[in-house]
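I have placed the structure first, in the form of C-alpha cells, so that the comments after it can refer back to it.
There are 4 protein chains.
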Amino acid sequence: MPHPTPAPRERFSQFYDLTTRWADNDIYGHANNVVYYAWFDSVVNRFLIEHGGMQPGRDPVVGYVVASSCDYFSPVSYPDELRLGLRIDRLGSKSVTWEIGVFTAAAAESCATGRFTHAFVDRATGRSAQIPPKIRAALEGLQR
Amino acid sequence: MPHPTPAPRERFSQFYDLTTRWADNDIYGHANNVVYYAWFDSVVNRFLIEHGGMQPGRDPVVGYVVASSCDYFSPVSYPDELRLGLRIDRLGSKSVTWEIGVFTAAAAESCATGRFTHAFVDRATGRSAQIPPKIRAALEGLQR
Amino acid sequence: MPHPTPAPRERFSQFYDLTTRWADNDIYGHANNVVYYAWFDSVVNRFLIEHGGMQPGRDPVVGYVVASSCDYFSPVSYPDELRLGLRIDRLGSKSVTWEIGVFTAAAAESCATGRFTHAFVDRATGRSAQIPPKIRAALEGLQR
Amino acid sequence: MPHPTPAPRERFSQFYDLTTRWADNDIYGHANNVVYYAWFDSVVNRFLIEHGGMQPGRDPVVGYVVASSCDYFSPVSYPDELRLGLRIDRLGSKSVTWEIGVFTAAAAESCATGRFTHAFVDRATGRSAQIPPKIRAALEGLQR
Numbered sequence: 000m001p002h003p004t005p006a007p008r009e010r011f012s013q014f015y016d017l018t019t020r021w022a023d024n025d026i027y028g029h030a031n032n033v034v035y036y037a038w039f040d041s042v043v044n045r046f047l048i049e050h051g052g053m054q055p056g057r058d059p060v061v062g063y064v065v066a067s068s069c070d071y072f073s074p075v076s077y078p079d080e081l082r083l084g085l086r087i088d089r090l091g092s093k094s095v096t097w098e099i100g101v102f103t104a105a106a107a108e109s110c111a112t113g114r115f116t117h118a119f120v121d122r123a124t125g126r127s128a129q130i131p132p133k134i135r136a137a138l139e140g141l142q143r
Numbered sequence: 000m001p002h003p004t005p006a007p008r009e010r011f012s013q014f015y016d017l018t019t020r021w022a023d024n025d026i027y028g029h030a031n032n033v034v035y036y037a038w039f040d041s042v043v044n045r046f047l048i049e050h051g052g053m054q055p056g057r058d059p060v061v062g063y064v065v066a067s068s069c070d071y072f073s074p075v076s077y078p079d080e081l082r083l084g085l086r087i088d089r090l091g092s093k094s095v096t097w098e099i100g101v102f103t104a105a106a107a108e109s110c111a112t113g114r115f116t117h118a119f120v121d122r123a124t125g126r127s128a129q130i131p132p133k134i135r136a137a138l139e140g141l142q143r
Numbered sequence: 000m001p002h003p004t005p006a007p008r009e010r011f012s013q014f015y016d017l018t019t020r021w022a023d024n025d026i027y028g029h030a031n032n033v034v035y036y037a038w039f040d041s042v043v044n045r046f047l048i049e050h051g052g053m054q055p056g057r058d059p060v061v062g063y064v065v066a067s068s069c070d071y072f073s074p075v076s077y078p079d080e081l082r083l084g085l086r087i088d089r090l091g092s093k094s095v096t097w098e099i100g101v102f103t104a105a106a107a108e109s110c111a112t113g114r115f116t117h118a119f120v121d122r123a124t125g126r127s128a129q130i131p132p133k134i135r136a137a138l139e140g141l142q143r
Numbered sequence: 000m001p002h003p004t005p006a007p008r009e010r011f012s013q014f015y016d017l018t019t020r021w022a023d024n025d026i027y028g029h030a031n032n033v034v035y036y037a038w039f040d041s042v043v044n045r046f047l048i049e050h051g052g053m054q055p056g057r058d059p060v061v062g063y064v065v066a067s068s069c070d071y072f073s074p075v076s077y078p079d080e081l082r083l084g085l086r087i088d089r090l091g092s093k094s095v096t097w098e099i100g101v102f103t104a105a106a107a108e109s110c111a112t113g114r115f116t117h118a119f120v121d122r123a124t125g126r127s128a129q130i131p132p133k134i135r136a137a138l139e140g141l142q143r
C-alpha cells in the first residue's frame, strides 16, 4: 500500500469555504480527528442539495455512508478558515465514492484528505437502489 | 418574567458569518438546540482571539462559562448561511455576559437569542480573577 | 434574581447513567459548556421514548425546544461517569419544562443544573398542540 | 481489496459500554457516520488513561491520529446501548493501529468496524517519538 501523501488543489473540481468552530479543537488545541468527517458530510451534502436537488427527509432514495476514511497530514485549528475541495473518486451505478481535500488559506497541499462512499438505498424497502437521475447528472458534471 | 422576543439586528455591534453543518440538523430536519451553543462559543472566542489577544491553552487567566441560556424563536436548518450578532449584555470586573443573536440571511429579527457568562479564573490557582487588561479593552470597545 | 446554587440528589425523581466522551473535553480539559445540552437532550428524550411511547420521526405531535439554560457549578471531565437526575419543573397543557441535574459518582450536589422547555407542535400544520395523552401520563408520573 | 465484513465479538479482547445520545442520530434516524469516530476516540483514550497512565494535557509525548477509517454494516440508533470491542491491529515502535468493533446488545457481529492509527509525537519538539514505556506495556497486554 503506498504511503498516503497530501493532495494538490488542482486535484479537486469544486470548492467550499468552511468556518471552524471552537468545539472542533480538542485538548491539544487542534481540530479533533472526528470533526473532519463532519466537514466532509457538510460539503458533500451541500453539493447534493445545490446541484443534485437532494431533499433530505423527503427523497425516497437516499445515500447511506457505508465506508469512510481520512489521512491527516498537518493539523488545523479553530479559528482557521478552511477551503474544502471535492471530487468524485469512483462512480458506480448504485454508489459513489467522494474524495475531499482540506486546505488552509495559504496551503498548496491538503492538510487532510478524506474519502467516503455513499450507497444508495430505497428508504421504504431498505433495498439497494440506482443513483437517482438528477443526482447522477450532478455527479457526472463534477467528474468533468 | 417578560416573554422573550426576537431581537433586531441593530441591537448587535459585531457580526460574524457562520456556515451550518449537516450534523447540526437533527431528526426533525432543523438545527438541534444544542448546536446553537457551539455557534455562540465560536463567535465569542473568535472575538476574544482577534480583538482581545486571547491565546487558548497559553493564557494564565481564562474565562470559564458559568451560565448559558437560549430562546429559540424560529428554526434554522443546514445548509443555511447564518450571521451571528454579538454584544455585551453586562460587564463586571471579573465576568462578562455576552448576548448573541442568530440571523438568517433575509431575517430582520433573530431566530434565536442566547446569552452566556464568562467568569475569569486564574488557571494555576483556580481562583476568581480580574478580566485581563487587553480583553477588557476589547470588551469596552464592543460596548461602544 | 437569586444566585443559582447546586441541587441535591433528592430533588430529582429519575436518574440515568451517562458515559462522557473524549470529544466532550475542550482545550481546558473540562467538558465543554455545549455538551451539557447534548446530555440533557439524551436523558429527556430517553425518558419520553421509554415512558411516553415517543417515536421520533413518526409522531405527528412533537416537542420542540423553545428555551434552554444551564448553570455550571464545578467542572466535570472525560472519562468521568455521570448520573443525570431528571424532574419536571413546570407542566402546562402544551409545554413542559424539564430540570436536569448533572452529578459525578461521589457528589451529593449537582455539578451543573439545566432546564429546557419543550413546546408541543403538530408537525403537519406547524401549530401549537396539546401534549399527547401518553406523554402527559408519563410526565404526571414523573411529577409524583 | 477484499470486501469488508462484520467482525465477531471473539476478535476483540477488551470491551466498553457506551450510551448513545440523541444528537448521534441524524435526519434519517440513525447514528450519523461521524459519531462512530467520537465513540472510537472515547474507548481508545479510556483504555490509554486506565491502563497506560495517559494524562491528557500533561504528557510530553502524545498520540496524534494520522489515519482513520470505518466500515458500516448495519445502522444503530439512539437510544441503543452499545458495546465497543477493542484490539490492537498493528503495533510499531512509534505508532499503534487500533481496531474497534461496534456491537448492539444482541448482535454476534459488529455493526461497524473502525481503525485508527496513533503516531506518537513529542509535543515540545513536534518530532516523532517512541511509544512511552507505560503505554507500550498496556498495548502489549491488550495484544495477549
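Protein chains in written order, with this note's numbering: chain A, 0 to 143; chain B, 0 to 143; chain C, 0 to 143; chain D, 0 to 143.
Even glycine gets a Cβ: it sits at the ideal position worked out from N, Cα and C.
Let me confirm a value: Val132/C is counted as buried when at least 16 other C-beta atoms fall within 10 Å, else exposed. Which label applies?
Note that residue 132/C is Pro in the sequence shown, not Val. Pro132/C is exposed by the Cβ-count criterion.
So, Leu138/B versus Leu83/B, is the Cβ gap smaller than 9 Å?
no
For Phe119/B, collect the residues of the same chain with a Cβ closer than 6 Å to its Cβ; drop the 5 residues on either side in sequence, then sort them by chain order.
Taking C-beta separations shorter than 6 Å and ignoring five residues to either side along the sequence, the partners of Phe119/B in its chain run Val60, Gly62, Lys93, Ala128 and Ile130, following chain order.
Can you name the residues of chain A whose CB is closer than 8 Å to the CB of Asn32/D?
Tyr36, Asp40, Val64, Ser67 and Phe115
Listing by chain order, which chain B residues have their CB less than 9 Å from the CB of Ala22/D?
Ala22, Asp25, Asn31, Val33 and Val34, listed in chain order.
Could you give the residue range of the alpha helix (DSSP H) that holds Val43/C?
Val34 to Gly51
Do Gly100/D and Ala37/D have their C-beta atoms closer together than 9 Å?
no
Quick one, are the C-beta atoms of Ile26/C and Asp25/A less than 9 Å apart?
yes
Measuring only the C-alpha atoms, how far is Ile87/A from Phe11/C?
Taking the straight line from one Cα to the other gives about 52 Å.
Give me the residue from Phe14/B, Tyr71/B, Arg8/B and Thr18/B with the minimum Cα distance to Gly113/B.
Its Cα nearest to that of Gly113/B, the residue Tyr71/B stands out among Phe14/B, Tyr71/B, Arg8/B and Thr18/B.
On the CB-based measure, 16 or more other CB atoms within 10 Å of its CB, does His117/C come out buried or exposed?
It counts as buried.
When you compare the CB positions of Gly28/D and Gly56/C, do they come within less than 9 Å of one another, or not?
yes
Out of Arg143/D, Asp58/D, Gly52/D and Ser76/D, point me to the one whose CA is closest to Leu17/D's CA.
Ser76/D
If you drop the 5 nearest sequence neighbours on each side, which residues of the same chain put their C-beta closer than 6 Å to that of Val95/B?
His117 and Leu138
Name, in chain order, the residues that DSSP records as bridge partners for Gly91/A.
Answer is none; Gly91/A lacks a bridge partner.
Could you work out which residues of chain A lie near Asp58/D, taking near to mean beta carbons separated by less than 8 Å?
What Asp58/D touches in chain A: nothing, since even the nearest Cβ is about 10 Å away.
Classify Ile134/A as helix, strand or coil using the three-state DSSP reduction.
helix
Express the C-alpha separation of Val42/B and Gly125/D in angstroms, rounding to a whole number.
Gly125/D and Val42/B: Cα-Cα distance of roughly 29 Å.
Consider the Cβ of Tyr71/D: report whether some Cβ of chain A lies at a distance smaller than 9 Å.
Tyr71/D belongs to the set of residues whose beta carbon lies under 9 Å from a beta carbon in chain A.
Please name the residue, chosen from Thr103/A, Pro78/A, Ala136/A and Ala105/A, that lies closest to Ala22/A on a Cα-to-Cα basis.
Pro78/A
Quick check on the burial criterion: 16 or more other C-beta atoms within 10 angstroms. Buried or exposed for Ser73/B?
exposed
Do the CB positions of Phe14/A and Trp97/A come within less than 9 Å of each other?
9 Å or more divides the Cβ of Phe14/A from the Cβ of Trp97/A.
For a quick check, are the C-beta atoms of Leu81/D and Phe46/D less than 9 Å apart?
The answer is no: Cβ separation not under 9 Å.
By how many angstroms is the C-alpha of Arg122/D removed from the C-alpha of Thr4/D?
37 Å
For Arg143/D, count neighbouring C-beta atoms within 10 Å of its own C-beta (all shown protein chains included) and say buried if the count is 16 or more, exposed if not.
By the neighbour-count criterion, in which a residue is buried when 16 or more other Cβ atoms sit within 10 angstroms of its Cβ, Arg143/D is exposed.
Taking C-beta to C-beta, are Cys69/A and Ala66/D nearer than 9 Å?
yes
If you draw a straight line from the C-alpha of Met53/D to the C-alpha of Val34/B, how long is it?
30 Å
With C-beta atoms as the reference, is Glu108/B less than 9 Å away from Arg20/B?
no
Please classify Gln13/C: does DSSP put it in a helix, a strand, or coil?
strand
Mind checking if Gly28/C is an interface residue toward chain D, Cβ cutoff 9 Å exclusive?
Chain D has a Cβ within less than 9 Å of the Cβ of Gly28/C.
Answer yes or no: do Asn32/C and Phe102/B have a C-beta to C-beta separation smaller than 9 Å?
no
Whole angstroms is fine: what's the gap from Ala136/C's alpha carbon to Ala105/A's?
59 Å
Can you tell me which of Asn44/B, His2/B and Ala30/B puts its alpha carbon nearest to the alpha carbon of Val64/B?
Asn44/B
Check the DSSP bridge columns for Leu85/B and list the partner residues they point to.
Gln13/B and Ile99/B
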